[in-house]
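Numbering-wise (UniProt numbering), the sequence shown opens with residue 1 and increments by one. Accompanying notes for the structure given below.
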Amino acid sequence: MEKEFHSFGWYASKIKPHLPKKAFKPVPARLLGGLAYLLVSLTGMFAIGLYDLPLLANIVIAFAIGASFAAMGFLGHEILHGTVVRKAWLRDLLGAVFFFPLLTGPKLWRKWHNMTHHVHTQNEEKDPDAWLSTEKLDKNPALKVIYRLPLSMRAFLEFLSLSVTFTLHSTRMFFVYVKEFKPKKQLSVWVQFLLPWAAWTGLLFFVGFTSWVFLFLIPLLIANAIVMGYISTNHRLNPHVPVNDPLANSLSVTVPKWVDVLHFNFSYHTEHHIFPSMSSKYYPLVKKHIKNNWPERYHEMPMSNALKALWNTPRVYYNGVELIDPEAELVYGSLGNGLDHESIEPRPMNEKEKKIN
């Protein structure tokens with residue numbers, strides 16, 4: 001029987017009457033956390049750049065900077081959804097500041113993430129973040145070679161690549177979307193793209209290669225890994241869907257409360273897709289109402305379990321609702337379609353499915 005899907009607006013209309021009015025107002029106090037991360041980053045960079053510190057000290061500081069870069073990205077994400085400040089010029093300015101370490105401009109992010117990913121989540125053709133299908137794999141010989149590697153090796157390479165994926169994907173999205181901006185706005189989009197690259201590259205010549213590695217390169221890799229640790233669980237275990245239904249196409253992960261505090265409740269991803277313009281401060285309230293109304297449809301699991309499920313399943317979609325491993329000739333379910341993250345049991349491919357080999 002075909003599943004019933006509902007749009008994010010449908011869920012929002014059911015939950016909104018039960019939420020306080022303040023939940024729909026901006027929360028500028030979130031900037032205090034951002035200021036703290038900015039100060040940690042700048043202090044750490046100055047310490048590495050100005051002093052001849054021991055290797056261990058440089059490594060510890062680099063990790064602190066990288067963690068701060070990631071958290072600044074989470075705040076930048078909130079800001080550019082309009083949940084911290086509402087004035088457009090201030091929203092974009094603050095968004096640019098907090099996304100600066102991740103080399104992403106605010107206009108690009110709003111076009112790629114807000115206006116495209118959120119509107120077409122897990123639509124194979126329209127969502128720029130959706131994973132590939134067997135049809136697309138069949139048309140890409142280079143990718144077919146990669147997907148002939150054993151699943152364990154592909155999982156290792158995929159997890160290793162998380163340390164660069166956000167920056168690489170963001171760069172790719174720039175070249176995909178820059179031409180869609182009106183000519184008058186393209187210059188500002190180019191400036192927002194080039195300025196962070198120029199600034200961080202210029203810093204290399206100012207502080208020297210060794211210091212630059214510790215005050216920017218290693219932190220960038222760490223920030224990518226932290227950010228992608230969340231992003232990789234947001235939708236990659238969920239099916240492709242005909243309707244943008246957040247309860248079908250999104251996953252919320254659970255982390256310790258102190259991690260939620262540090263990361264601005266970024267773990268509440270299903271909630272975010274229902275109310276993208278609401279401060280994540282109120283997402284625990286949204287989760288409560290979702291679980292009261294649709295507990296059987298809500299997807300939630302500990303972050304560690306979600307990452308294990310990602311490791312143990314392939315990233316190629318078959319018929320939108322299953323994940324297929326061409327090399328091992330196995331098919332796995334997706335969330336809501338047979339995937340049990342606690343006991344992942346694939347089935348053998350049938351003769352039709354084997355043709356993708």
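Beta carbons are placed, not taken as given, at the ideal position from N, Cα and C, and that holds for glycine. Since the model is a prediction, treat every value here as computed from it, not as a measurement.
First through last residue of the beta strand (DSSP E) which encompasses residue i
{"i": "Thr254", "result": "Ser252 to Thr254"}
For residue i: DSSP bridge partner residues
{"i": "Ile324", "result": "Val331"}
C-alpha distance - residue i paired with residue j, whole-angstrom precision
{"i": "Ser163", "j": "Ser68", "result": "15 angstroms"}
{"i": "Pro106", "j": "Ile226", "result": "20 angstroms"}
{"i": "Trp10", "j": "Val145", "result": "42 angstroms"}
{"i": "Ser232", "j": "Ala309", "result": "11 angstroms"}
{"i": "Phe205", "j": "Glu345", "result": "53 angstroms"}
{"i": "Ile48", "j": "Gly34", "result": "21 angstroms"}
{"i": "Val316", "j": "Ser170", "result": "21 angstroms"}
{"i": "Val243", "j": "Tyr147", "result": "29 angstroms"}
{"i": "Val27", "j": "Gly82", "result": "10 angstroms"}
{"i": "Leu221", "j": "Glu125", "result": "29 angstroms"}
{"i": "Ala70", "j": "Leu94", "result": "15 angstroms"}
{"i": "Tyr298", "j": "Val178", "result": "36 angstroms"}
{"i": "Glu2", "j": "Met72", "result": "Reliability fails at Glu2, whose pLDDT of 43 lies under 50, so the model's placement of it is uncertain and the value that follows must be treated cautiously. If I take the Cα positions, the gap works out to 41 angstroms."}
{"i": "Lys16", "j": "Phe214", "result": "46 angstroms"}
{"i": "Pro256", "j": "Leu247", "result": "22 angstroms"}
{"i": "Leu330", "j": "Phe193", "result": "41 angstroms"}
{"i": "Asn337", "j": "Met228", "result": "24 angstroms"}
{"i": "Leu55", "j": "Leu217", "result": "15 angstroms"}
Residue of the options minimising C-alpha distance to residue i
{"i": "Leu75", "options": "Lys281, Ala23 and Ile15", "result": "Lys281"}
{"i": "Met301", "options": "Arg315, His6 and Tyr230", "result": "Tyr230"}
{"i": "Phe46", "options": "Asp129, Ser133, Leu203 and Trp131", "result": "Leu203"}
{"i": "Ser334", "options": "Trp131, Leu90 and Ala199", "result": "Trp131"}
{"i": "Ala199", "options": "Glu351, Leu103 and Ile59", "result": "Leu103"}
{"i": "Lys288", "options": "Thr270, Met303 and Asn305", "result": "Thr270"}
{"i": "Gln265", "options": "Arg347, Thr165, Glu78 and Arg236", "result": "It is Asn, not Gln, that sits at residue 265 in the sequence shown. Of the listed residues, the one whose Cα sits closest to Asn265 is Glu78."}
{"i": "Thr254", "options": "Ser304, His272, Lys182 and Arg110", "result": "Ser304"}
Residue range of the unbroken alpha helix (DSSP H) whose run includes residue i
{"i": "Asp92", "result": "Ala88 to Phe99"}
{"i": "Trp131", "result": "Segment: none, Trp131 is in no alpha helix (DSSP H) and carries neither H nor E."}
{"i": "Asn224", "result": "Ile218 to Asn234"}
{"i": "Leu56", "result": "Leu55 to Leu80"}
{"i": "Phe8", "result": "Phe8 to Ile15"}
{"i": "Ser188", "result": "Pro183 to Val207"}
{"i": "His169", "result": "Leu151 to Tyr177"}
{"i": "Thr43", "result": "Arg30 to Leu50"}
{"i": "Met143", "result": "Note on residue identity: the sequence assigns Leu, not Met, to residue 143. Its alpha helix (DSSP H) spans residues Pro141 to Ile146."}
{"i": "Leu108", "result": "Pro106 to Trp109"}
Legend entry - Ranges of the alpha helix (DSSP H) found wholly within the segment 241-314, counting only runs of at least 4: Entirely contained in the segment 241-314, the alpha helix (DSSP H) runs reaching 4 residues are, in chain order, 246-249, 257-262, 269-274, 283-293 and 303-312.
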